[in-house]
Amino acid sequence: MTIADEDLINAAMEARGQAYCRYSGFSVGAAIIDDQDRLHVGCNVENAAYPLGNCAETAAIAAMVQKGGKRIARIAVAGGRADIATCTPCGGCRQRIKEFADEKTVVIVYDDSNEWRQYLITELLPASFHLD
Ligand code: THU
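Okay, structure coming up:
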């Protein structure tokens with residue numbers, strides 16, 4: 285039985301609660317449903333040497349790969365502040381998601397305004413770079 289979008293968003297919100305974001309104060313959580321209908325989560329982890337921080341999507345993808353997941357069916361990203369910006373995945377994370385995506389991969393974005401939007405990865409990263 286596949287996990288409902290609301291539950292996927294809740295998993296991303298729960299992961300967001302673990303974010304280590306002492307420099308930006310911008311917490312993000314991500315939750316993935318993989319090709320075997322399994323859930324993987326991650327949060328952003330910052331560092332005093334700023335460029336070394338990792339995005340939540342990156343952490344969730346790493347968790348999926350470590351468990352043998354091959355494809356992202358859906359990914360929910362919870363983060364951002366309604367007064368600043370919705371946390372649509374950054375450019376680098378779009379490319380990271382694309383690496384494990386197919387044309388049906390859905391990206392759900394949820395922010396403090398309690399609204400969520402849904403995109404196809406092909407909408408977020410058209411004409412993407414690939415090697416195969
Ligand atoms: N961040 C994410 O985790 N995912 C994104 O797609 C965009 C940005 C994090 C990185 C950094 O820790 C904080 O949000 C502010 O940029």
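If you're matching positions, the sequence shown starts at 285 in this note's numbering and goes up one per residue.
Glycine residues also receive a C-beta, built at the ideal position from the N, C-alpha and C atoms.
Does the separation of the CB atoms of residue i and residue j fall below 9 Å?
i	j	result
I417	A357	Only positions 285 to 416 of the chain appear in this structure, which leaves residue 417 out of reach.
D319	K354	yes
A303	N328	yes
G262	F310	Here the chain has residues from 285 to 416 only, and residue 262 is not among them.
L292	A315	yes
Q379	L409	yes
E290	Y307	no
I359	V312	no
E387	T370	no
N287	A295	Residue identity differs from the one stated: residue 287 is Ile in this sequence, not Asn. In this structure, A295 lies closer than 9 Å to I287 by Cβ.
H324	M348	yes
Taking only heavy atoms of ligand 1 into account, decide whether any of them is closer than 8 Å to the Cβ of residue i.
i	result
T370	no
Could you check whether the Cβ of residue i sits closer than 8 Å to any heavy atom belonging to ligand 3?
i	result
E399	Only ligand 1 can be found as ligands here, which leaves ligand 3 out of the picture.
Exercise. Quick check: the segment 329–348 against the segment 374–383, are there 3 or more CB pairs under 8 Å?
Worked result: By the criterion of at least three beta-carbon pairs nearer than 8 Å, the segment 329–348 is in contact with the segment 374–383.
Problem set entry | Distance cut 6 Å, beta-carbon to ligand 1 heavy atom: residue list by chain order | Taking each Cβ in turn, the ones that pass are C305, S308, F310, V312, N328, E330, G337, C339, A340, E341, C371, P373, C374, C377.
For this session: Just list the alpha helix (DSSP H) runs in the segment 324–384, keeping only unbroken ones of 4 residues or longer that don't cross its boundaries, in chain order.
Result: The qualifying runs are 340–350, 375–383.
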